[in-house]
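**Q**
Chains as they are written, first to last, in this note's numbering: chain A, 110 to 373; chain B, 110 to 373; chain C, 110 to 373.
(1) So with CB distances below 8 Å, who are the chain B contacts of residue 159 of chain C?
(2) Please list the residues of the segment 143-159 of chain A that have a C-beta atom closer than 7 Å to any C-beta atom in chain B, keeping them in chain order.
(3) Would you identify the three-state DSSP class for residue 149 of chain A, choosing helix, strand or coil?
(4) Residue 349 of chain C CB to nearest chain B CB: under 8 Å?
(5) Find out if the Cβ-Cβ distance for the pair residue 124 of chain B, residue 149 of chain B is shorter than 8 Å.
(6) With 8 Å as the threshold, decide whether the Cβ of residue 117 of chain A is near any Cβ in chain B.
(7) Starting from the C-beta of residue 301 of chain A, find all residues in its chain whose C-beta is less than 8 Å away, skip the five residues before and the five after it, and write them out in chain order.
(8) Enumerate, from N- to C-terminal direction, the unbroken beta strand (DSSP E) stretches of 3 or more residues contained entirely within the segment 293-325 of chain A.
(9) Note down, in chain order, every chain A residue with its Cβ under 7 Å from the Cβ of residue 139 of chain B.
(10) If we ignore side chains and look at the alpha-carbon of each, how far apart do residue 384 of chain A and residue 169 of chain A end up?
(11) Since residue 173 of chain A meets chain B, which of its residues come closer than 9 Å, beta carbon to beta carbon?
(12) Between which two residues does the alpha helix (DSSP H) containing residue 275 of chain C stretch?
(13) Counting only Cβ pairs nearer than 9 Å, list the residues of chain B close to residue 352 of chain C.
(14) What is the residue span of the beta strand (DSSP E) that residue 171 of chain A lies within?
(15) Does residue 356 of chain A come within less than 8 Å of chain C when only Cβ atoms are used?
(16) What does DSSP give as the partner residues of residue 163 of chain C in its beta bridges?
(17) Using DSSP with H/G/I as helix, E/B as strand and the rest coil, what is residue 368 of chain A?
(18) Please list, in chain order, all residues of the same chain as residue 257 of chain A whose beta carbon is under 7 Å from its beta carbon, the five residues on each side excluded.
(19) By how many angstroms is the C-alpha of residue 270 of chain C removed from the C-alpha of residue 204 of chain A?
(20) Please list, in chain order, all residues of the same chain as residue 371 of chain C whose beta carbon is under 7 Å from its beta carbon, the five residues on each side excluded.
(21) Using CA coordinates, which residue listed in B/282, B/334, B/339 is at the minimum distance from residue 365 of chain B?
(22) One question on the structure: do residue 174 of chain C and residue 325 of chain A come within less than 8 Å of each other, judged by their Cβ atoms?
(23) Could you give the DSSP three-state label for residue 351 of chain C: helix, strand or coil?
(24) Just the chain A side, please: which residues come within less than 8 Å of residue 176 of chain C by C-beta, in chain order?
(25) Where residue 160 of chain B and residue 295 of chain B are concerned, what is the direct C-alpha to C-alpha distance, given to the nearest angstrom?
(26) Which partner residues of residue 206 of chain B appear in the DSSP bridge assignment?
(27) When DSSP labels each residue in this structure, what does residue 339 of chain A get in the three-state scheme?
(28) So with Cβ pairs under 8 Å, would you call residue 131 of chain A a contact of chain B?
(29) Would residue 163 of chain C pass as an interface residue toward chain B - the criterion being a Cβ-Cβ separation below 8 Å?
(30) For residue 111 of chain C, report the span of its beta strand (DSSP E) as first-last.
(31) Using a Cβ distance threshold of 8 Å, determine whether the segment 136-145 of chain C contacts the segment 347-363 of chain C, with at least three qualifying pairs required.
(32) Using three-state DSSP, classify residue 226 of chain C as helix, strand or coil.
(33) Tell me the rounded alpha-carbon separation between residue 129 of chain A and residue 282 of chain C.
(34) Measuring only the C-alpha atoms, how far is residue 194 of chain A from residue 213 of chain A?
(35) Kindly list the residues whose CB is nearer than 7 Å to the CB of residue 118 of chain A, restricted to its own chain and excluding five residues on each side of it in sequence; keep chain order.
Take a look at the structure:
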């Protein structure tokens with residue numbers, strides 16, 4: 110049975126500092142509390158250094174970026190690197206506008222992420238944006254994004270997670286897939302942003318960033334399956350999803366997680 | 110049986126670009142996903158033009174305006190006009206402060222909305238603000254606002270929707286009323302803002318802005334009725350409302366919608 | 110049987126103007142609507158004076174502060190004092206960063222709050238920050254914070270409320286404890302921020318700020334108990350909590366509230 114890190118997460122209750130978008134701040138904070146972590150949201154330039162200092166990990170999610178927030182992302186990302194805190198980048202909507210490509214490039218120039226998590230289109234767009242080519246189709250499967258994910262993982266020496274029907278996690282040497290989850294998860298805003306934050310919580314309590322990300326994504330997927338059994342639609346799903354994150358045991362998670370892995 | 114446009118909305122899944130307020134961003138995005146549309150929220154000046162370009166319709170909702178966001182509204186509204194995308198204005202709280210009156214006047218000077226949606230007090234205040242008179246009572250019925258709605262529809266050659274116990278939709282030549290809905294809807298923050306976003310989704314897939322707005326408001330009202338049957342209060346209502354938007358069929362919508370209409 | 114003020118709140122439906130954080134705006138607005146008050150959220154400098162003018166009470170919650178918002182807090186707090194509107198300060202995360210200490214000191218220099226509400230760590234940190242000592246442990250019990258609460262209440266001649274397993278309310282002469290509530294409340298983001306807003310609603314309709322705060326906290330705790338009976342975890346809890354605020358009767362509140370009080 111694979112170690113899920115979940116006991117340790119609940120014991121340590123890591124403080125996850127999220128610079129995330131306005132749309133999902135509430136969901137994200139509640140998901141972190143439900144799984145057993147502690148959320149903090151702060152973006153003011155005069156306190157970013159100080160807040161990163163007391164955090165266990167840092168999320169930069171560019172969903173509702175603007176000029177002020179972009180500076181916040183850069184400050185937080187650099188501080189995370191300097192202070193050796195795991196840093197997760199969620200490049201929301203990269204590829205949709207040149208400004209989002211610019212923002213991601215600035216962040217990746219300023220700091221090395223521990224993990225980049227996005228959907229297939231975002232991972233492909235991020236790869237294209239960072240290799241200075243352009244043009245991104247809007248819908249892609251996880252399979253389509255596999256080579257982009259591998260290239261990014263090698264380029265930035267980080268973990269890359271592509272979430273979708275199947276979640277793909279790659280490092281510069283390893284690769285795993287998580288086959289859990291439910292289609293209703295795509296009908297709820299910020300489910301990807303929640304995954305990003307949950308990953309940050311697991312990264313905060315593990316030395317092995319690859320395994321931590323696999324556990325986090327399995328946890329998301331299994332919670333989604335549990336919630337879907339009790340739900341009629343996206344409204345009831347959200348409520349039961351938080352309950353599932355709160356109630357799931359490490360043993361149940363190990364038993365139900367469907368993970369395949371190997372070398373790249 | 111009236112065409113509800115709902116099949117087409119779900120088939121096309123239009124991208125609704127909402128510049129909306131912090132309070133309701135999450136609800137709005139979830140309601141759009143539940144009904145079958147795709148939400149995007151972006152307000153940064155460097156990307157507004159680009160985001161409007163890929164959107165199917167644009168919402169400007171002034172709920173939590175400030176100086177930066179007011180410029181965003183103006184840029185997005187102008188871009189929507191230039192690119193021929195339907196534009197919906199939700200003048201939240203107009204009449205409450207001179208700054209909100211000023212903001213609405215600036216927006217209406219900069220661009221022509223396809224639809225203005227507000228409650229009775231807001232529509233009356235908007236009419237007064239734009240005709241340079243002043244003074245607005247705080248509570249009004251839809252009937253009170255009827256002449257203001259008609260005047261605005263003629264002045265801006267747009268659709269005006271006044272939501273309340275009964276929803277009134279007027280164009281420069283036509284008028285309809287939707288008699289669906291439930292009192293609990295007034296006990297949930299942002300239900301009007303959600304209506305605005307749902308209208309924008311319907312406007313994106315129809316050539317007939319009047320009929321699209323009628324369908325959208327019927328959809329809101331019928332979903333509210335379905336949700337209220339399963340609810341004990343505003344908490345359970347919200348959850349079942351999203352489920353209802355997700356589950357409702359075009360046929361059910363046609364059957365249950367109570368619409369009366371005629372010429373002005 | 111203690112007067113709960115709840116009848117009066119529902120009769121008057123006071124307008125609570127909240128300058129609060131992005132994470133909890135939606136919860137806060139919904140909680141205010143559920144209990145029977147009217148929420149408004151506005152932070153733009155050009156309209157703050159005007160909005161405070163029409164409000165019944167004002168909340169300043171520094172959760173996601175930045176330079177612009179800090180100026181908003183100062184303007185709103187001063188306006189509340191000038192216009193004799195009850196002012197509630199929620200010093201979220203004070204002690205976590207020097208900037209939060211600075212912000213709280215600026216606010217307390219600019220205006221006199223009617224009520225300061227925080228958790229034990231925040232009340233202790235606020236006391237330390239305002240007495241220019243430093244160093245704050247992260248977890249404290251309400252008992253630990255009792256002397257800090259009393260000192261702040263005397264220093265600012267205001268009510269201080271420390272929320273936790275037991276809620277402590279102190280004035281410069283009186284002291285009460287509310288023994289209601291449920292552990293799940295600590296697993297939901299912004300439950301403290303909601304308490305702050307509910308306090309502001311009760312302060313708006315009562316001449317007796319001490320009793321109004323006691324009633325508000327009893328209302329929160331009792332609603333939490335009712336919700337917990339129907340909940341499996343933090344997701345279902347949130348939904349039933351809003352229902353409970355909506356459905357609770359003044360009589361039920363009086364009967365179930367567990368309040369102990371006396372002189373300081």
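Glycine residues also receive a C-beta, built at the ideal position from the N, C-alpha and C atoms.
In this text the structure is predicted, and so the values were computed from the model without any measurement.
**A** Taking the definition as stated:
(1) 205, 206, 207, 208
(2) none
(3) strand
(4) Closer than 8 Å to some Cβ of chain B, the Cβ of residue 349 of chain C qualifies, so yes.
(5) yes
(6) no
(7) 199, 201, 226, 227, 228, 272
(8) none
(9) 297, 298, 343
(10) Residue 384 of chain A lies beyond the range of chain A shown here (110 to 373); nothing can be said about it.
(11) 134, 150, 151, 152, 153
(12) Unbroken run through residue 275 of chain C: none, as it is neither H nor E.
(13) 340, 341, 342, 343, 344, 345, 346
(14) No beta strand (DSSP E) holds residue 171 of chain A; DSSP gives it neither H nor E.
(15) yes
(16) None, per the DSSP bridge assignment.
(17) Three-state DSSP puts residue 368 of chain A in a strand.
(18) 232, 233, 236
(19) C-alpha separation (whole angstroms): 48 Å.
(20) 284
(21) B/334
(22) Between residue 174 of chain C and residue 325 of chain A, the CB-CB gap reaches or exceeds 8 Å.
(23) helix
(24) 153, 154, 155
(25) 32 Å
(26) B/203
(27) coil
(28) yes
(29) Cβ-Cβ to chain B under 8 Å: yes for residue 163 of chain C.
(30) Per DSSP, residue 111 of chain C belongs to no beta strand (DSSP E) and is neither H nor E.
(31) yes
(32) strand
(33) Taken atom to atom, the span from the alpha-carbon of residue 129 of chain A to that of residue 282 of chain C is near 43 Å.
(34) 19 Å
(35) 144, 145, 146, 310, 311, 314
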